[in-house]
Structures are given as C-alpha cells and as structure tokens.
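In what follows, a single structure is set out as structure tokens and then discussed.
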Amino acid sequence: MLDRLRLHAYPKEPLTCAKLTQHASLKLETKRRAKPTLHLLHVGRRKEKLRSAEAGAAADPKHKESSAMEVSGLDSDGKEFKNAEEMWREQIGEDGEQQEKKTQWYREGISYWEGVEASVDGVLGGFGNVNEVDIKGSEAFLQMLLSDRFPNARNNQHLVALDCGSGIGRITKNLLIRYFNEVDLLEPVSHFLDAARESLAPENHMAPDMHKATNFFCVPLQDFTPETGRYDVIWVQWCIGHLTDDDFVSFFKRAKVGLKPGGFFVLKENIARSGTFLLSHSLI
4 MLDRLRLHAY
14 PKEPLTCAKL
24 TQHASLKLET
34 KRRAKPTLHL
44 LHVGRRKEKL
54 RSAEAGAAAD
64 PKHKESSAME
74 VSGLDSDGKE
84 FKNAEEMWRE
94 QIGEDGEQQE
104 KKTQWYREGI
114 SYWEGVEASV
124 DGVLGGFGNV
134 NEVDIKGSEA
144 FLQMLLSDRF
154 PNARNNQHLV
164 ALDCGSGIGR
174 ITKNLLIRYF
184 NEVDLLEPVS
194 HFLDAARESL
204 APENHMAPDM
214 HKATNFFCVP
224 LQDFTPETGR
234 YDVIWVQWCI
244 GHLTDDDFVS
254 FFKRAKVGLK
264 PGGFFVLKEN
274 IARSGTFLLS
284 HSLI
C-alpha cells in the first residue's frame, strides 16, 4: 500500500490522496517547471474525510467536483488560485486543448533542466550537501525491505532495479548498484544520462563485478513502459511530482507490469512542514 506521499496538486485521484496519512500544513512546489508553480497552503484533510468525499463522488458524479480538496495557494509569481484544479486548467488547458498545452508544459520542464550542470549540486538544486544523508537514509530503508522481501538475495538471487528520474546516476552509483545485480536508469535529460553512463562505466565505480548499470533510457516518465516482469524494485525519487494528475496515475498502472512477482515500488519525495524539510519513503 501507499504509506505516505508528497502532495503536489492531486486533489481527486484515489491513488494520490485517499491514502494520505499525514495531517499537516504543507507548502510545496515542483522544480522542473519553467512556468509558475503552485504553493499549496494549509493542506491536511484526514483520510477519513478524503474517503468520505471520494465515496460521495463515486455515488453521485455531480458531487465529484464539489468534493475536491479546495486548497488555495499562490504560484511563484504571486498569482492566487482557488484550488489545484484551477491551476491545472491554466497550466495544461481544458480538454479540447489539453494535449498540445501539456506537451508544451513538459517540454518547458525539460528545457529548464537542460540548462543545469550535470553534477550532484546541479541535480539537487544547489543542495549537494544533502546527498550523504539522503543516501544514508535510503540505504537503511532499502536494507530493511530487502531483508524482509528477499531474504535469500545473497544466495545467487539475481535482483534488478529501475532508477526513475535517475539524473546523473547519483542514487544508482551510491546505493542501488551495490544491492542489485542490474540497474536500469530512466532519465529524460540527455546530458544527465550521458554523465550517468560515464560515471557508471566499470572503470569508474567500485561496484562488485556481478553488479552493473545495464540500460540507459532517455525517456520521460509519462512515456515509459517497462519490460514485463523485469524488476524487483522500481525506485522513484524526487521526480513523480513533475507529472500531471492523469500521468501520475497512468505511470503506476503501466509500470506495475514491469515488476516481478513480489516486486515493489519505492517512492521517495519531499514534505515541507512549517519550514522543516522532511524526506519521506513510501512502499507501494
């Protein structure tokens, strides 16, 4: 199940809000957008209320719109939105124009990152100093999961992971490649992926001989469909908030076919609570 999730602008879909477990005041924004981004303020509906609203929407279609979380906020240019739905209408348009505007919206996001240097400090938005604590926390979480889910992993069990939004291969190189025999990298920014390919070449890292980066996919999350039954773990970190609501849901629907029996997603995102920066792991 989805234990905890970063909330960006997902007021309706059951996958993104029905299992929200924290009751907090959040102020969030996404980095990849060149356009203004929405800051959602004072979010914190208890999951019982969310379930009640979604149940009402399922029973009465007219109730669906009124049951959406009415969360007002300001974008980075100071423009006010009554709720996330209003923000999305401006960002990607109404149904008739949506595909063209959405394509442009994603294109501008990629364009932003194409201007960022391929370094740890670059991909972490100038906060390269969080790299060590990030990897340390993720490793503790991963060790717990692997010992529980794959207790015989050291007995010649071949494990494969997918690193989504891999950037320069920071997580693969510092963590995943030490625990998985193969890691595939998925990243839409070509010069980041080129840097990852160079960094993860056998002569440039210290992973065991039987561990390697295998495939480098230069494809955005919203367009990617994995090979059926290839992965034990699909690792999604600091990138899922850059999808629209519908693409968020469709990504997980497509990606789950890439999991082996017993495989799982790890979703790691940021939660800002009253000025405190929290890192939240989730097991799906």
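Okay, so the sequence shown: first residue is 4 according to our numbering, each after it adds one.
Quick reminder that beta carbons are idealized off the backbone N, C-alpha and C, glycines included.
Tell me which same chain residues have a C-beta within less than 7 Å of the C-beta of residue i, skipping the five on either side of it?
{"i": "residue 110", "result": "none"}
{"i": "residue 227", "result": "189 and 220"}
{"i": "residue 230", "result": "261"}
{"i": "residue 105", "result": "95 and 247"}
{"i": "residue 263", "result": "232, 234 and 235"}
{"i": "residue 250", "result": "225"}
{"i": "residue 127", "result": "133 and 134"}
{"i": "residue 200", "result": "219"}
{"i": "residue 142", "result": "178"}
{"i": "residue 222", "result": "189 and 191"}
So residue i packs on residue j, CB below 8 Å; how close in whole Å?
{"i": "residue 164", "j": "residue 98", "result": "In fact, because the Cβ distance is near 37 Å, the residues do not count as touching under 8 Å."}
{"i": "residue 179", "j": "residue 166", "result": "6 Å"}
{"i": "residue 119", "j": "residue 125", "result": "5 Å"}
{"i": "residue 75", "j": "residue 85", "result": "6 Å"}
{"i": "residue 216", "j": "residue 266", "result": "Contact flag wrong, Cβ pair sits at about 19 Å."}
{"i": "residue 210", "j": "residue 181", "result": "6 Å"}
{"i": "residue 186", "j": "residue 175", "result": "5 Å"}
{"i": "residue 272", "j": "residue 243", "result": "6 Å"}
{"i": "residue 239", "j": "residue 168", "result": "7 Å"}
{"i": "residue 131", "j": "residue 123", "result": "5 Å"}
DSSP on residue i, reduced to helix/strand/coil?
{"i": "residue 134", "result": "helix"}
{"i": "residue 83", "result": "strand"}
{"i": "residue 164", "result": "strand"}
{"i": "residue 238", "result": "strand"}
{"i": "residue 183", "result": "coil"}
{"i": "residue 196", "result": "helix"}
{"i": "residue 188", "result": "strand"}
{"i": "residue 159", "result": "coil"}
{"i": "residue 25", "result": "Confidence in residue 25 is poor, its pLDDT being 31 and thus under 50, which makes the residue's placement too unreliable to answer from."}
{"i": "residue 123", "result": "helix"}
{"i": "residue 247", "result": "coil"}
{"i": "residue 140", "result": "helix"}
{"i": "residue 153", "result": "coil"}
{"i": "residue 112", "result": "helix"}
{"i": "residue 169", "result": "coil"}
{"i": "residue 97", "result": "coil"}
{"i": "residue 66", "result": "In this prediction, residue 66 has a pLDDT of 48, which is less than 50 and means its spatial position is unreliable; what the coordinates show is noted afterwards. Three-state DSSP puts residue 66 in a helix."}
{"i": "residue 19", "result": "Residue confidence is low: residue 19 scores 32 on pLDDT, short of 50, so the model does not pin down where it sits. No coordinate-derived value is stated."}
{"i": "residue 60", "result": "At residue 60 the pLDDT is 49, less than 50, meaning the model places this residue with poor confidence and gives no usable figure here."}
{"i": "residue 71", "result": "Low local confidence applies: a pLDDT of 49 at residue 71 is under 50, so the model's placement there is unreliable, with the coordinate-based value given in what follows. Note: residue 71 maps to coil in three-state DSSP."}
In the DSSP output, what is residue i paired with across the bridge?
{"i": "residue 262", "result": "234"}
Using a Cβ-Cβ cut-off of 8 Å (strictly less than) and excluding sequence neighbours within five positions of residue i, which residues of its own chain qualify?
{"i": "residue 246", "result": "224, 225 and 254"}
{"i": "residue 155", "result": "none"}
{"i": "residue 202", "result": "171, 172, 176 and 208"}
{"i": "residue 160", "result": "153"}
{"i": "residue 183", "result": "162, 163, 164, 214, 235 and 236"}
Which residues in the same chain as residue i place their Cβ atom closer than 6 Å to its Cβ, once the five residues preceding and following it in sequence are excluded?
{"i": "residue 257", "result": "228"}
{"i": "residue 91", "result": "none"}
{"i": "residue 195", "result": "121, 170 and 171"}
{"i": "residue 102", "result": "none"}
Closer than 7 Å to a non-hydrogen atom of the ligand ADP - does that hold for the CB of residue i?
{"i": "residue 254", "result": "In the structure shown, the ligand ADP is absent, as is every other ligand, since no ligand is present at all."}
- Task: Quick one: which unbroken beta strand (DSSP E) runs of 3-plus residues sit fully inside the segment 200-230? Chain order, please.
- Result: 215-220
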